[in-house]
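Protein chains in written order, with the working numbering: chain R, 28 to 1113; chain W, 8 to 519.
Everything below concerns the one structure shown next.
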Amino acid sequence: MKKFTHLWHPKSCYLLIFLSFSGVVEAKADLAHSTATIKPVAWPITGKVVSANGEALPGVTVLVKGTTTGTATGVDGSYSLNVPETAGTLIISFIGYATQERPFSGPGTINITLADDAKALEEVVVVGYGTQKREDVTGAISSVSAAQIEKTPVTTLDQALQGRSAGVQVTNNDASPGAGIQVQIRGIGGFGNNSPLYVVDGYPVSGGISNLNPSDIASMDILKDASATAIYGNRAANGVVIITTKRGKSGEMQISLDALTSYQAQPKMHDVLNAEQFATLANEQAVADGISPLPEWSNPSALRTIDWQDEIYRSGLRQNYNVAIRGGSDKLQSAFSLGILDQKGIVLGSDYRRYNASVNVDYSATKWLKASTSIKYSRSDSKIALGTGGQNAGNGIASLSNQIPTMTGNPLTDQVKDENGNYGYYDKINNAVSYQDNLLAVIETQDQKNQNNFLLASGSLEATLAEGLRIKTNLGVNISDYSGYYFTPSNARRQTELPANYSQSASNTSEYLWENTLAYNRTFGVHVIDFVGGFSFQDNTTRSISGGGIGLISNQLRNLGNVQTITGINGNQISSSLASQFGRITYNLLDKYLFTATVRRDGSSKFAQDNQYGVFPSASIAWKVKNETFLQNVNALTDLKIRASYGRVGNQFGIPDFSFLGLYGTGGNQLSINNNGYPFNKEYQEGLVLTALPNPNLKWETSVQSDIGLDAAFLNNRLILTADYYLKESRDFLLSIPVPSQTGFTTAARNVGSIRNSGIELGLEFRESVNAFKYGISLNLTTLNNKVLSLYDGLNSIGNLGGLGFPSIGGNNWIQFGLSEVGGEAGAFYGFKSAGIFQTQAEIDALNQVAAEKYGANTPYQATTTVPGDRKFVDQITEDTDGDGIPDSGDGRITDSKDRVVLGSPIPDFFTGLNLDATYSNFDINMFFYASVGNEIFNYSKRLLETFGNPGGLGIKNVGVDYYNNRWTPTNPSNEYPRATRADLNGNNRPSDAYIEDGSYLRLRNLQIGYTLPNTLIQSASINKIRVFVSAQNLFTITNYSGLDPEIGQVGNPDDGGSRNVTRSGIDVGTYPISRFFGAGLNVTF
Amino acid sequence: MKFNKSIYLLTFGFVTLMPLSCKDYLNETDSTRISEESLFKNAADGINLVNAIYDTFHDGDFINKSLWYGANFLSQDFHNYGADSFFETYEIPTTFNPLNVAWTRSYQGIARANSAIPIIAKMKAEGVLDAALADRLTGEAYFLRGVFYYYLASNFGGVPLELQTVTDEGRHPRNTQDDVFASVVADMQMAANLLPWKEDLGTANLGRATKGAAIAYMGSAQMWLKKYTEAISSFNQLEGKYQLMENFIDIHEYNKQNNQESIFEVQFLEGADQSWGHANETIWFSSFHMPEEVSNFGYSYADPKLYASFEAGDKRKAATVIGPGDEHASPAIEIKNYPKVKVQFGGINTLGTLAKPWKGSDNLRSGYYSVKTWRDPNVTGSTSAPGGKEYIFNGQNVIMMRLGEVLLSKAEALVKTGNEAAAREIIDNVIRKRAGLGPVAASTPINDVLINEYRHELTGEMSLWFLLRRNGEHINYVKKEFGITIPTGKDILPIPQEVILNNSTITQNPGY
């Protein structure tokens, strides 16, 4: 019996695939017969379109169904149109109004009254494996429309989510073109991956959505609670964003052309010392700090100042062009689009270009059979020669304010680059400057290429077997590949010439999805039942290969074969798969009481055999109170619904494949830094080690979510309110917990702890029109309470997971800067509290004496080297001197173990988006504000502006003007800024509250003013609509933050390829800054 | 009708498939690493498992900052240039990263040894490994585990003893320093029983643990336990197995690695790239300590008091510390040949001059440098001849234990057991004789003699501070020689902060 099942099972899989495709072949045969022919136009039809209350509606589309013939109404709402001499149907559509169809059978006048905006109720929401009417939704779902996405120009689609929906927090990691973005729905559920699952036209994509063209998007529906997301099982815990792309509609044919060009202004810059100030400071500190200043610095006023920020920042340019053709007949609808986006970033050497192409085809072959195809392709090229970072000795944005503002090493020129193309450089020998390089030369001489191809294609076949009973099979692939190289030529600007360096890498991900669903929908009197269920397989393989080396005989070569010394070669592949069954049933009683139950059983190859499968159920109810008789006559209230949901969903993102196994590895090869072998008699031999502590009990993270919500509409839907209270408890989240290193390992992957996120989400929308003046205000607001409930038995806190490459100079220990403790917030900042500046030696001596009496001679309060002008830190109350069990005193000295405290958190108290829309006659205006309130920023850049010693430990660097002017000196007894010192033995610049700042801000994200040309001007050119507009982004930002920009996401770790996590959020390491865009654009529809 | 048929087929297909889970879809295998089932089927796997225990020494900071610093900065003969100067005041922060490297890396090696021992036993039982090879490999594992515990206890005092693979959460408290050294003795005894003598090891395996090495560490650990009689009998077993190098300078000579005096030596290997892209087999050691005027680094320098402390005629002086105006004592090293010296110092062949000592461009060093670490003639630091390559990392081995140390330890053990005459015999007729010195005055207190010889024989190597602390007179010694009062309890290193953070049962050393 067992054997039979085993044989039958793969065969049956193949059978179904075959059947699915045989349907497609038949569909194609039918296609040939359905081409319609259109006769020449002859008769005129005129009329006027008004709203329910009689206002003329300008800009309404009037189209002959099944043709491309159409027009738009003028300012007075009137239209005139030539129609074919046969009878037909007019389609009258306008955004915000219900589309109408009116038959005609000859010339004449057809006046139309468009129904008042009932759209909010009619609106359809896309949910997992189906759609629902907004009014029947029982879960927490919010939607972002194409109109909203189109108003704010963005580079990548995920940016378009910012501020658009309650509960969705979007933070740019930095502002470099095409850079990554953090999208978090309802807070941080764990220390690993907190990104939502994106489902694009029914395909759950593994990567993000940055490859999609924002102008292709019809809607984004954000599923927030378990009731809505549970159908995506073990990928649902962070929420699900369902993206629907624009499809052709029958009867409409539209060609649209959009163009936008934006100029990006140079960003705000740090005010740093010029050459004269710097040389003066260096000379002053020479003896005390043991610097040997350059002889040239002895005459500071003669030095040429190099303003590094000015050299490297430039004004940027973003251009975006899209063309789309969408339309169709009754049987066949298609949508085709092409787009190009080109962005030149504001930092020299940063560029991004993306090409998008998309085809969607829907074909209703017969009454019962429908085939749909969606294909999206994109190719992007990106380059960032100098990005976020540089906080260590590496190059990055932070280097711009660190660089010494004068270069005297090259006898040919003291300029950054002279007219003959000679690059200036620093003195090659003197340690004071030797670690610095000419950043312009670094950027201009390097060469890199990063190319991505992305293909998402799926085809589905849906058959209606009986009334209300449909089956569907959906087959899709998602293929993406990256290839690139990085080259730096030999560099003689240093004492030792650095050889040329070349590395090349490629990776590709190939994935397929196969899903079969059965849906049933029937009404039996007052009972409406809707069911969908099915199963799904998804299989993903990622392969990567890379190599690099040093020394090339020519700087023109980009060939690994020509590299003189190979320093590393890597190549591997990894596969993972999911197999799932799912079902959802909704029951509607009397159109008053709604019930939804959902379950998914998910199996994942990431877990050991016994732990592969998990079941994720949810249930929700809703009561349409408005439909009760007692509210029927309350006219002010258009709609009222109360919702509640509860469910359990999982998260398997961020759990590495095979981490449940104890596997052995040999590490890298003989040439690598991470091999496990050893030489005997000078001959290398391989070594074999257990790579991680095995954890066969590894399982998905579980998120238990509940939600209570209310949807209400007033004043005939002009005022709409949505409110939700959410409670989300993430349990068993995967954490590479630090284990005692006496185990032989420093970390182990375990399912531990729980984190609770709770808060209130509010959405408020108001629309009004007064004659030709229409306006709308929409506001959404989310409060966020994040609390770590537990971590692990015996573990009350964990520090930042991984570092940020912070140099620890002198007494400054920057290895730990974060602490997530039970009862606190995930990713909180950690360090010392400062207590001003020591003004006198007597003050220091007194404290040292107390410490010495307690701990023995030579034990100081802070450090034996502390002198006046050094920063004083607070001795935290940790000792119980009166024996009552409550600490009442400090321990008399500053130690890492007892005097560090939580200093702040990058999680805001609330964030909010405010959108204002208005149109008057042919003019329209859109303003979009975003605010984040109550979050703190760990301003590491400020530390750098106050640090005179260079990050590598030798030499010196530039500092800020504010610090220079106001630093402590015997004659300027500052209580804020410590003295200038290269070595900083006292640790003035250790992690402390001196660098914690309020990161709240309010930003005008977008302002757009448009003008639609009057019909009279364009009708002759058979153009439907021309709208021109000007727009500005980030026009102003209100914030108390002293750094360049308060929007700071998760920071990449320079030591491990830029990995990010929540314990490294909100830290300004020298972030690629945001700046203003000013643009003008054009929308044309034919 | 044709369509209806299709419908029925489709429906049938669905209904049949719905309840199936297609379980084999989840059957994925890892192709980047190897599972235990497929391993250990041939002898090479067992050898590789043990090789990886040695690999523990190959860590950027382990030999240098975790061991060399501890052996030489705490004894004040050498000082750190730049940031880590807290050794001079013994205010080592608990967060000083090399402490954690010492701890983490040692336990990594211990865990590798703990996991290897039962696997090798299984391979032996299954006949995959022949008995002789299995015994040798097991002996190596015990030896290396003992070595890691030896240095852990020397640095930190008592540490938790993990003698088998940790299967619980590993939150075990510290054992006492004596427990740890007792465990070292046991491991070394086990290893000594299983391992071959160096002469029986075979050239291809040069660098592996030997019976002699196990006995040497066993004796040293017995001395920590004050079991001096046992220590003497341990050391006596080494009689005739190792010989002193005739010339002291040759002990660390580049072309005399793994020599007759060397008992345990960590092996390194030159690779294709000796610059920042170097392989794990090289170490940033030589150029790290060489003068800035030569290597661009010079992160340590010698105390002039060390230079002055040698008796006239002590041949060990020039082989230990070089001062202004001195030529390098090794025949392999010509200062004038270094690229930076050629360009910036007119190709002089001395370490600067008395008038212009090499104190670094910022004048912050003493002008005196370690010679024992400056022996690989290939190393040039981050300098190079025009068009040449940087040679920052070196491939020269590091001697951890040699006969000179064993003889002095034995002398101390003899003193402690009341046989001062035999001790003086070793010191005068073996150690000092090779150094070119006459007998020490009988009036000098014997422990002062011992400490003096430990210092001049072994400073700049991997053991001095540990031997001084073992002797017990280390605090007085530092006060006497350098005028520094060691704060109470700070003669041993603090337990790294991260260790306590992750295991609250570990208590900090009382001085911190």
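Note that the Cβ used here is the ideal one computed from N, Cα and C, for glycine as well.
Let me confirm a value: residue i is counted as buried when at least 16 other C-beta atoms fall within 10 Å, else exposed. Which label applies?
i: Asn326 of chain R; result: exposed
i: His554 of chain R; result: exposed
i: Gln1077 of chain R; result: buried
i: Glu397 of chain W; result: buried
i: Gly74 of chain R; result: buried
i: Asp911 of chain R; result: exposed
Compare the C-alpha of residue i against each of the options and name the closest.
i: Trp381 of chain W; options: W:Pro331, W:Gly367, W:Ser302; result: W:Ser302
i: Gln211 of chain R; options: R:Asp201, R:Ala202, R:Gly205, R:Leu224; result: R:Leu224
i: Thr809 of chain R; options: R:Arg794, R:Lys75, R:Ala193; result: R:Ala193
i: Val422 of chain W; options: W:Phe103, W:Leu457, W:Gly305, W:Leu371; result: W:Leu457
i: Leu144 of chain W; options: W:Phe64, W:Thr217, W:Ser293, W:Thr101; result: W:Thr217
i: Gly575 of chain R; options: R:Arg585, R:Thr568, R:Ser581, R:Thr946; result: R:Arg585
i: Tyr512 of chain R; options: R:Ser573, R:Asn480, R:Ala174, R:Val661; result: R:Ser573
Could you confirm whether any beta carbon from chain W is found closer than 8 Å to the beta carbon of residue i?
i: Lys709 of chain R; result: yes
i: Ile871 of chain R; result: no
i: Gly821 of chain R; result: yes
i: Ser604 of chain R; result: yes
i: Asn840 of chain R; result: yes
Give me the Cα-Cα distance between residue i and residue j, rounded to the nearest whole angstrom.
i: Asp566 of chain R; j: Pro231 of chain R; result: 12 Å
i: Asn744 of chain R; j: Thr665 of chain R; result: 6 Å
i: Leu321 of chain R; j: Gly216 of chain R; result: 54 Å
i: Ser571 of chain R; j: Tyr461 of chain W; result: 55 Å
i: Ser15 of chain R; j: Gly366 of chain R; result: Since the first and last residues shown for chain R are 28 and 1113, residue 15 of chain R lies out of range.
i: Asp369 of chain R; j: Arg119 of chain W; result: 53 Å
i: Ser307 of chain W; j: Tyr345 of chain W; result: 19 Å
i: Val91 of chain R; j: Met247 of chain R; result: 29 Å
i: Gly423 of chain R; j: Ile318 of chain R; result: 25 Å
i: Glu7 of chain W; j: Lys633 of chain R; result: This structure leaves residue 7 of chain W out entirely; chain W is present only between 8 and 519.
i: Asn827 of chain R; j: Phe844 of chain R; result: 7 Å
i: Val815 of chain R; j: Glu277 of chain W; result: 49 Å
i: Ala799 of chain R; j: Thr96 of chain R; result: 27 Å
i: Gln478 of chain R; j: Gln418 of chain R; result: 27 Å
i: Ile99 of chain W; j: Gly77 of chain W; result: 11 Å
i: Thr27 of chain R; j: Thr544 of chain R; result: What is shown of chain R runs 28 to 1113, which leaves residue 27 of chain R out entirely.
i: Pro512 of chain W; j: Glu169 of chain W; result: First, the amino acid is wrong: residue 512 of chain W is Thr here, not Pro. The alpha-carbon atoms of Thr512 of chain W and Glu169 of chain W are separated by roughly 14 Å.
i: Gly320 of chain W; j: Asn404 of chain W; result: 28 Å
i: Asn162 of chain W; j: Asp498 of chain W; result: 9 Å
i: Ser169 of chain R; j: Ile913 of chain R; result: 49 Å
Does chain R have any CB closer than 8 Å to the CB of residue i?
i: Ile117 of chain W; result: yes
i: Asp383 of chain W; result: no
i: Glu206 of chain W; result: no
i: Glu133 of chain W; result: no
i: Cys29 of chain W; result: With a pLDDT of only 49 at Cys29 of chain W, under the threshold of 50, the placement of this residue in the model should not be trusted; the figure read from the coordinates follows. It does; some Cβ of chain R falls within 8 Å.
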